[in-house]
Amino acid sequence: MYKKISIAISGIGNRALPKNNKKAFWDGWLRQITKLKKFKLVAVHDVSNEKLKKILNLKLLKSSQVYTNFDKMLKKEKLDALLVCNPSKYHFSYIKKALDKNLNILVEKPVVNTFEEAKKLLKHKKNEKISVIQNWRTKDVGRILRKNILKGSIGNVEQIFFRYVRNREKTYYPNYIYKEKFPALYAMGIHHLDLFRYILNDEIVTVNGNFFKPKWSLYSSLTGFNLHLVTKKKTFINYTSTFSSLNSVNNQESIIINGSKGTMINESDWLEPPIFIQKKNNNKKKDLTYNIKNTSIKDQYNISDKIIITNFCNVILKKEKPICSYRDAFKTIKLIEYCKRACLLKKEIKIV
Ligand SMILES: NC(=O)c1ccc[n+]([C@@H]2O[C@H](COP(=O)([O-])OP(=O)(O)OC[C@H]3O[C@@H](n4cnc5c(N)ncnc54)[C@H](O)[C@@H]3O)[C@@H](O)[C@H]2O)c1
582 MYKKISIAIS GIGNRALPKN NKKAFWDGWL RQITKLKKFK LVAVHDVSNE
632 KLKKILNLKL LKSSQVYTNF DKMLKKEKLD ALLVCNPSKY HFSYIKKALD
682 KNLNILVEKP VVNTFEEAKK LLKHKKNEKI SVIQNWRTKD VGRILRKNIL
732 KGSIGNVEQI FFRYVRNREK TYYPNYIYKE KFPALYAMGI HHLDLFRYIL
782 NDEIVTVNGN FFKPKWSLYS SLTGFNLHLV TKKKTFINYT STFSSLNSVN
832 NQESIIINGS KGTMINESDW LEPPIFIQKK NNNKKKDLTY NIKNTSIKDQ
882 YNISDKIIIT NFCNVILKKE KPICSYRDAF KTIKLIEYCK RACLLKKEIK
932 IV
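Residue 582 is where the sequence shown starts when you use this note's numbering, and the numbers rise one by one after that.
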């Protein structure tokens, strides 16, 4: 029998333990970890005593196993792994300390907060011990799109049209949200740009674009962008996104993938099924996800999280490949940086 993996979590916020489980988009990492018998939760770290009290109330850990001091937790606990799900500005420093202790790390997107930090971590000798949480890869739609593209169901993929239109301008949101830099690019581009790379199994080599926002927006930074991206294999991706649409009736996400032998289409909020395929010279569309019963936002996040945590377990115990390694996640962070540069310079730039 395998020894259990001793794991600690840093950051007991919404992703780890949602405040209101009924309304949440996921069950969260704490439930995922405690359900999987191969992990043993041995410690939790958060700067908020209130959050740590919630853990104690659940009677999962003793008071000696919850920490407000990260260094103390690393010193006292015998850990094999760490799950990092605190705000991204802290990821870099915690990851470095955990790598010094030779821990296996699973970290929420974005793996680090800046391109500068990402470049430093790229030079770290132990960065192969990092797995990154990129949920759009492991939702059913992400996996089925990739499978069908790679097996040639729609021939050569030549054009992608991706539209993201969201109302994130609600006055009851906390004020700090409105100070975020290029919020749609950073908060959602990390999922969408990563999805393009993943489903195409290809890399984007040039990008052109521009930012925009309406006058009435509550954000200080630009909330919308248009990007034109070209991959190595010459797929043209047209990606438009905004957080500043006041309508709340449309689906947020829309993806049309045109190939030489057919088209795949998905309209959803957070990449839920269905995906339709329509073959060339055939007017009928077929639902590629007809047999998937659990299609809600929460079902799809839970499916995706379970795949990620199971993969992390197998990376440690069976030397399986991570679904998203550090080197892979680095390429998405780099792509976001180049998208930002292209939009600010308003010209096409090569990704080198
Ligand atoms: N995969 C996804 O789709 C997805 C969705 C939402 C958030 N996230 C990511 O998950 C991470 C956490 O997001 P969240 O929504 O749970 O945030 P949150 O604000 O709900 O929770 C963050 C938690 O971290 C704690 N914290 C703050 N500073 C800390 C520090 N220095 N050390 C340790 N803990 C600290 C806070 O007290 C809080 O409990 C972020 O990286 C975010 O980008 C990913």
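The beta-carbon is built from N, C-alpha and C at its ideal position, and this holds for glycine as well. Predicted model only: the values in this text are computed from it and were never measured.
*asked:* Pull the bridge partners of M845 from the DSSP assignment, please.
replied: As a working mapping, residue 845 is identified with position 264 in the sequence shown. The secondary-structure analysis by DSSP pairs M845 across a beta bridge with I838, I858.
*With contact counted as at least three CB pairs below 8 angstroms, one residue from each stretch, are the segment 878–886 and the segment 839–855 in contact?*
yes
*So, helix, strand or coil for L633, using DSSP?*
In the sequence shown, the residue the question calls residue 633 occupies position 52. L633: helix per DSSP, three-state reduction.
_For ligand 1, I want to know if C666 counts as a neighbour, meaning its beta carbon is within less than 7 angstroms of at least one of the ligand's heavy atoms._
Mapped onto the sequence shown, residue 666 falls at position 85. Because some heavy atom of ligand 1 lies under 7 angstroms away, the Cβ of C666 counts as near it: yes.
*asked:* At a cut-off of 7 angstroms, would you count A699 as near ligand 1, judging by its Cβ distance to the nearest heavy atom?
replied: In the sequence shown, counting from the first residue as 1, residue 699 sits at position 118. Taking non-hydrogen atoms of ligand 1 into account, the C-beta of A699 is found less than 7 angstroms away from none of them.
*How many Å lie between K927 and N807 at the Cα?*
For the purposes of this step, residue 927 is taken as the residue at position 346 of the sequence shown. For the purposes of this step, residue 807 is taken as the residue at position 226 of the sequence shown. Approximately 11 angstroms between the Cα atoms of the pair.
*Nearest-angstrom Cα distance between A699 and K865?*
One-based indexing of the sequence shown puts residue 699 at position 118. One-based indexing of the sequence shown puts residue 865 at position 284. Approximately 46 angstroms, taken between the alpha carbons.
*Reference I914, options E761, K796, E697, Q740, closest by Cα*: Counted from its first residue, the sequence shown places residue 914 at position 333. The candidate whose alpha carbon is nearest that of I914 is E697.
*Near D783, what residues of its chain come up, given a Cβ to Cβ distance below 6 angstroms and the 5 sequence neighbours on each side ignored?*
Residue 783 sits at position 202 when you count from the first residue of the sequence shown. The answer, listed in chain order, is T812, K813, K814.
*Just reading off the alpha helix (DSSP H) that T719 is part of, what are its end residues?*
Numbered from its first residue, the sequence shown carries residue 719 at position 138. Looking at the DSSP string, the run of the alpha helix (DSSP H) that includes T719 is 716–719.
*Take every Cβ of the segment 859–873, pair it with every Cβ of the segment 606–616, and state whether three or more of those distances are shorter than 8 angstroms.*
no
*Are there 16 or more other CB atoms within 10 angstroms of the CB of W607, so buried, or fewer, so exposed?*
In the sequence shown, residue 607 corresponds to position 26, counting from 1. Buried, by the Cβ-count rule.
*Nearest CA to the CA of V692: which residue from I593, N667, F817?*
Residue numbering aside, residue 692 sits at position 111 when the sequence shown is read from its first letter. Comparing Cα positions, the closest option is N667.
*Does DSSP put D868 in a helix, in a strand, or in coil?*
Here residue 868 is taken as the residue at index 287 of the sequence shown, counted from 1. Strand.
*By how many angstroms is the C-alpha of D627 removed from the C-alpha of F687?*
One-based indexing of the sequence shown puts residue 687 at position 106. One-based indexing of the sequence shown puts residue 627 at position 46. The amino acid occupying residue 687 in the given sequence is Leu; Phe does not appear at that position. For L687 and D627, the distance between alpha carbons rounds to 16 angstroms.
*Any contact of the segment 840–847 with the segment 595–604, i.e. 3+ C-beta pairs under 8 angstroms?*
No, the segment 840–847 is not in contact with the segment 595–604.
_Are the CB atoms of A624 and Y648 within a distance shorter than 8 angstroms?_
Looking up residue 648 in the sequence shown gives position 67. Looking up residue 624 in the sequence shown gives position 43. It is a contact, given that the beta carbons lie within the stated cut-off.
*In its own chain, which residues sit with a C-beta less than 7 angstroms from the C-beta of N748, not counting the 5 before and 5 after it?*
Along the sequence shown, one-based indexing puts residue 748 at 167. S826, L827, N828, S829.
_Straight-line gap, A765 to Y745 (C-alpha atoms, nearest Å)_ = On the sequence shown, residue 765 is found 184 positions in, with the first residue counted as 1. On the sequence shown, residue 745 is found 164 positions in, with the first residue counted as 1. If you draw a straight line from the Cα of A765 to the Cα of Y745, it comes to about 9 angstroms.
_Contact check, K677 vs V713, beta carbons under 8 angstroms_ = In the sequence shown, the residue the question calls residue 677 occupies position 96. In the sequence shown, the residue the question calls residue 713 occupies position 132. No. Outside cutoff.
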